[in-house]
Every structure is written in structure tokens, then in C-alpha cells.
Amino acid sequence: MLKDNEKLAVNVNENIVPSMSALNKFSFQIFESKHLLTNWILFEKESNTPKKLRLTEIIQNGYPQIKYEIKQQAKQWNKTEQLKLNQIFNLTDSYFSQVTNIINGLNNIEAYNAPDFKSRYVSFIKEGNPLPELADNIKSQIDEMYENKNDILLSYNIKIEKSFKIFSNRIFVSGIILLFTVIIIALLMANATIFPIKYIKTIIQKMSFGELPSQSIKTSTDEIGEMSKALSNLIANLKRKVEFAKEIERGNFRSFFEISGEYDILGSSLLSMRDSLSRSEEHTSELQSH
Numbered sequence: 546m547l548k549d550n551e552k553l554a555v556n557v558n559e560n561i562v563p564s565m566s567a568l569n570k571f572s573f574q575i576f577e578s579k580h581l582l583t584n585w586i587l588f589e590k591e592s593n594t595p596k597k598l599r600l601t602e603i604i605q606n607g608y609p610q611i612k613y614e615i616k617q618q619a620k621q622w623n624k625t626e627q628l629k630l631n632q633i634f635n636l637t638d639s640y641f642s643q644v645t646n647i648i649n650g651l652n653n654i655e656a657y658n659a660p661d662f663k664s665r666y667v668s669f670i671k672e673g674n675p676l677p678e679l680a681d682n683i684k685s686q687i688d689e690m691y692e693n694k695n696d697i698l699l700s701y702n703i704k705i706e707k708s709f710k711i712f713s714n715r716i717f718v719s720g721i722i723l724l725f726t727v728i729i730i731a732l733l734m735a736n737a738t739i740f741p742i743k744y745i746k747t748i749i750q751k752m753s754f755g756e757l758p759s760q761s762i763k764t765s766t767d768e769i770g771e772m773s774k775a776l777s778n779l780i781a782n783l784k785r786k787v788e789f790a791k792e793i794e795r796g797n798f799r800s801f802f803e804i805s806g807e808y809d810i811l812g813s814s815l816l817s818m819r820d821s822l823s824r825s826e827e828h829t830s831e832l833q834s835h
């Protein structure tokens with residue numbers, strides 16, 4: 546889609562718009578030359594007036610230059626357009642050839658004062674005569690080509706706008722999908738983090754009321770898993786201490802028990818209690834033997 550739009554944009558910038566600009570200039574040259582010729586014949590008898598120089602410049606430079614520019618652009622046109630353009634140039638060549646003959650015949654004051662001036666020259670510019678009609682016909686065909694190019698330009702703009710809307714919609718849909726994906730991932734991560742924490746919290750709350758869980762605690766490889774392992778070790782040590790306390794209760798003072806470490810206060814206290822009870826029992830037995 547983007548490549549198609551890029552091709553359309555390149556065609557618009559490199560062919561359609563320059564072609565329309567050149568055709569517009571061409572059309573205006575025909576329009577301007579028609580009125581400059583009328584002015585040359587009817588109103589300006591002096592030589593080298595600005596308007597006469599302008600008409601001469603169009604014939605000698607303006608038209609050949611715009612003809613070359615349009616032919617260069619027409620290389621990218623279709624066959625029908627190229628054929629029609631050649632027909633227009635043939636008509637224009639004929640038109641400017643007739644205009645050149647007229648202005649060459651009226652290049653001095655004497656020509657304007659000649660008895661046959663009106664019959665030879667004025668008749669050429671009257672509406673309904675072949676030369677003005679030829680100019681109007683040429684301009685009409687140029688304008689028609691311009692409108693055709695403008696229609697193509699509008700169709701390209703519609704295609705580009707439509708493609709842009711489709712692309713925008715795709716971006717919007719992709720954004721929505723991405724948003725939902727992020728939310729789902731966030732929920733999964735929250736479940737993976739919050740639920741284990743709540744699980745550990747529940748076990749600790751039960752332990753605060755003296756209840757030790759009978760089932761093993763689920764562990765994982767992350768930080769929460771490390772917390773679960775530490776809690777599992779704590780529960781295991783407490784269960785060992787409970788069993789040791791029960792052995793002491795039964796009078797088994799020789800039961801083996803090893804404290805968890807240097808700072809195991811509860812384990813040390815149980816050992817001290819066992820030793821104290823053991824000595825007390827030995828002392829009682831000695832008194833009874835006497």
C-alpha cells in the first residue's frame with residue numbers, strides 16, 4: 546500500500562502537476578496571442594511597441610519553449626494523449642504561421658495606410674473567421690487536456706486519501722491490539738506477583754495464630770520463590786522444635802535436637818529447658834533413693 550502511494554505521489558509530482566502547469570501556460574499563450582494580434586492590427590501602427598514585442602516573443606521563444614516542455618512531459622502520457630497533443634501542435638504551428646505572415650505584412654506605417662488594409666488584414670480578426678476560430682479551437686483542446694489531467698490528479702488524491710485512511714485504521718487497530726496485549730501481560734505479571742504474595746501472607750497470618758501449614762509451600766525461581774523457600778525452612782524448623790518439645794513432654798530427655806544456628810534463640814531455649822528438666826528429674830530420683 547505504501548509503495549503504491551509512493552508511486553502515485555511520484556507520478557503526481559513529476560508528471561501530472563508539471564504537465565498541468567505547462568498546459569495552463571500554453572493555453573494562456575494562445576489566448577494572449579489572439580488579443581495581441583487584434584491589438585497589432587487595429588490599434589498600434591508604431592513598430593516595436595511593448596505589445597508587439599510581446600507577440601513576437603511568444604512566437605519566437607515562448608511557444609517553442611512550452612512546446613518542448615510539454616513534449617518532454619508527454620513521454621509519460623498514454624498513446625491517445627500523445628496523439629491528441631501532436632494534433633494540437635500541428636494546429637498551433639499552422640496558427641502561428643498565419644499570425645507571423647500577418648505581422649510581417651504589417652511591419653510599417655505604409656502597410657496600415659494601404660487601400661486594401663481592411664480586406665487583407667482586418668478581416669482575419671473578425672469573430673467567425675477561420676483564424677480566431679482556430680485560436681479558440683486550439684485553446685479549447687488544450688483546456689480539455691488540462692481538465693483530463695486535473696481529473697487524474699483528483700482520482701490520485703482520492704486513492705491516496707483512501708489508502709491513508711485504511712493505513713490509519715490499521716494503525717488504530719494495531720494500537721488497540723497492542724494496548725490489550727499490554728493489559729493482559731500486566732494482568733498476568735500481576736497474578737504472578739500478587740497472588741504468591743497473598744498466599745505467603747495468608748500462611749504467615751495463620752502462623753501468627755499458632756497454626757503451622759501441613760502442606761508444602763509452592764516455590765519458584767524468582768525473588769518471591771526465595772521468600773517461599775525461606776518461609777518453608779522456617780516452618781520446617783518450627784515443626785522440628787515442636788516435635789522436640791513433644792519429646793521433652795514425654796520425658797525423653799535424650800532426644801536429639803540441633804539448633805539452626807548461633808542466633809536460634811528458640812532452639813537454644815528448648816535445649817536449656819530439656820537440660821534443666823533432665824537435671825531436675827535426676828535430682829528427684831536421688832532424693833527418692835535415699
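Take the sequence shown: its letters are residues 546 to 835, numbered as in this note's numbering. Backbone N, C-alpha and C define an ideal beta-carbon position, used for all residues, glycine too. The structure presented is a predicted model; accordingly, all values stated were derived computationally and were not measured.
Checklist line | Contacting residues, own chain, Cβ-Cβ under 8 Å from S639 (five flanking each side not counted) | finding: Result list for S639: L679, in chain order.
Item checked: Per-residue DSSP class, three states only, for W837 -> Past the boundaries of the shown model lies residue 837; the chain is included only from 546 to 835, so the question cannot be answered.
Notebook entry, point to check: How would you label G720, buried or exposed, when you count the other beta carbons within 10 angstroms and need 16 or more for buried?
Noted result: Burial call: exposed.
Notebook entry, point to check: Taking the C-alpha atoms as reference points, what is the distance between Q750 and S823?
Noted result: When rounded, the distance between both Cα atoms is 35 Å.
Next item on the list: Can you give me the start and stop residues for the alpha helix (DSSP H) that K681 sits inside?
Entry: One detail in the question is off: residue 681 reads as Asp in this sequence, not Lys. Boundaries of the alpha helix (DSSP H) around D681: P675 to S753.
Next item on the list: Could you pull the start and end residues of the alpha helix (DSSP H) that Y657 belongs to?
Entry: Counting along the chain, the alpha helix (DSSP H) containing Y657 begins and ends at I654 to N658.
Notebook entry, point to check: In its own chain, which residues sit with a C-beta less than 7 Å from the C-beta of F789, not counting the 5 before and 5 after it?
Noted result: Contacts found: S800, F802 and L815.
Next item on the list: Output yes or no for whether 7 Å exceeds the beta carbon distance between I603 and Q574.
Entry: Closer than 7 Å, so yes.
Next item on the list: With a threshold of 16 other CB atoms inside 10 Å of the CB of S521, please say whether the residue is buried or exposed.
Entry: This structure does not reach residue 521, given that the chain is present from 546 up to 835, and the question cannot be answered.
Next item on the list: Quick one: using the 10 Å Cβ neighbour count with 16 as the cut-off for buried, is G607 buried or exposed?
Entry: G607 is buried by the Cβ-count criterion.
Note to self: Here's a check: name, in chain order, each residue in its chain whose Cβ is nearer than 8 Å to the Cβ of S572, leaving out the five neighbours to either side.
What the structure shows: So the qualifying residues of the chain are K684, I687, D688 and Y691.
Item checked: Between the CA atoms of I729 and R795 - distance to the nearest angstrom -> R795 and I729: Cα-Cα distance of roughly 56 Å.
Notebook entry, point to check: Taking the alpha-carbon positions, what's the F798 to H828 distance?
Noted result: Between the C-alpha atoms of F798 and H828 there is a straight-line separation of about 14 Å.
Margin query: One question on the structure: do L757 and I742 come within less than 7 Å of each other, judged by their Cβ atoms?
Written below: No, the Cβ-Cβ distance between L757 and I742 is not below 7 Å.
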